[in-house]
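J.: Numbering-wise, the sequence shown is residues -13 to 209 according to the working numbering.
Built from N, CA and C at the ideal position, the CB exists for glycine as well.
Take this structure, written in structure tokens, and hold onto it; I'll ask about it next.
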Amino acid sequence: LNKPAAVIVETVQGEGGINVARAEWLRALQELCHRQDMLLIVDDIQMGCGRTGGFFSFEEAGIVPDIVTLSKSISGYGLPMSLCLFKGELDVWEPGEHNGTFRGNNPAFVTAAATLDAYWADGQMEKQTLARGEQVEQALLAIGEEHPEAGTQIRGRGLVWGMKFADPARATTVCGRAFELGLLVETSGPESEVVKVLPPLTVSSAELDEGLQVLAKAVRDTA
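So, in structure tokens, the structure goes:
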């Protein structure tokens, strides 16, 4: 068998069910990649740009990937934009060699730069995200305590959280009821067994509390 050229990892699996990788595991993975001369690629498309607290989701683990992919929130305004960051020694292209017809969406560059200036000039966004994350965690734990029959498991970081139900059908029903009540949440995980809580990073504490109360009612109504 040929040795793998690279390992691609999400520090928090989004569509996989909000599975949070331990910092120790990520550091061990980086060491393994270095030892075996394999590239470490972090897919930060969904979990980057401050979703877990720091701008990059891997900062907490103290690792330095060889390649990082970013998209989704990077434009700051919903405009299409994707970035592939890599170490300088991996750049084998000559200027202009790697091009494409529709690359370089100028409005997205403007909004992305404005977002970085507005929200990442200091550490306030990270502090706010972590504080809001604690608010979500406590609310989800309270829901689980209120409904022991649901067999919920709570996991997440920053402003991405998952509430796993023992019965996958219950998670789907909860999302449906939440939608009827005016709250948009979705399921994730291999069996759609996890209710995924992914609020905007700019959400206020009051707005977040209102949404969490709706989610609690949705769980209550589907008991």
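Got a sec, what are the start and stop residues for the beta strand (DSSP E) Phe72 sits in?
T.: Unbroken beta strand (DSSP E) run through Phe72: 69 to 72.
J.: Flag this pair as yes or no: are the beta carbons of Ala164 and Leu201 separated by less than 8 Å?
T.: Against a cut-off of 8 Å, the Cβ pair of Leu201 and Ala164 comes out as a contact.
J.: Using the Cβ count rule (16 or more neighbours within 10 Å means buried), how would you classify Ala125?
T.: Buried, since its Cβ has 16 or more Cβ neighbours within 10 Å.
J.: Along the chain, which unbroken stretches of the alpha helix (DSSP H) at least 4 residues long are found entirely within the segment 7 to 39?
T.: Taking only runs of at least 4 residues, the alpha helix (DSSP H) segments lying wholly in the segment 7 to 39 are 9 to 21.
J.: Using CA atoms only, rank isn't needed, just tell me which of Pro176, Gly175, Thr173, Leu169 is closest to Pro186.
T.: Taking only the C-alpha atoms, the option nearest Pro186 is Leu169.
J.: With a threshold of 16 other CB atoms inside 10 Å of the CB of Lys182, please say whether the residue is buried or exposed.
T.: Per the 10 Å Cβ criterion, buried.
J.: What three-state label does DSSP hand Ser61 in the structure shown?
T.: Note: Ser61 maps to helix in three-state DSSP.
J.: Check each candidate in Lys150, Ile27, Tyr105 and name the one with the smallest Cα separation from Val54.
T.: When only C-alpha atoms are compared, the closest one is Ile27.
J.: Looking only at its own chain, which residues have a Cβ that is under 7 Å from the Cβ of Lys203, when we skip the five neighbours before and after it?
T.: Closer than 7 Å at the Cβ level, and outside the excluded window around Lys203, lie Leu167.
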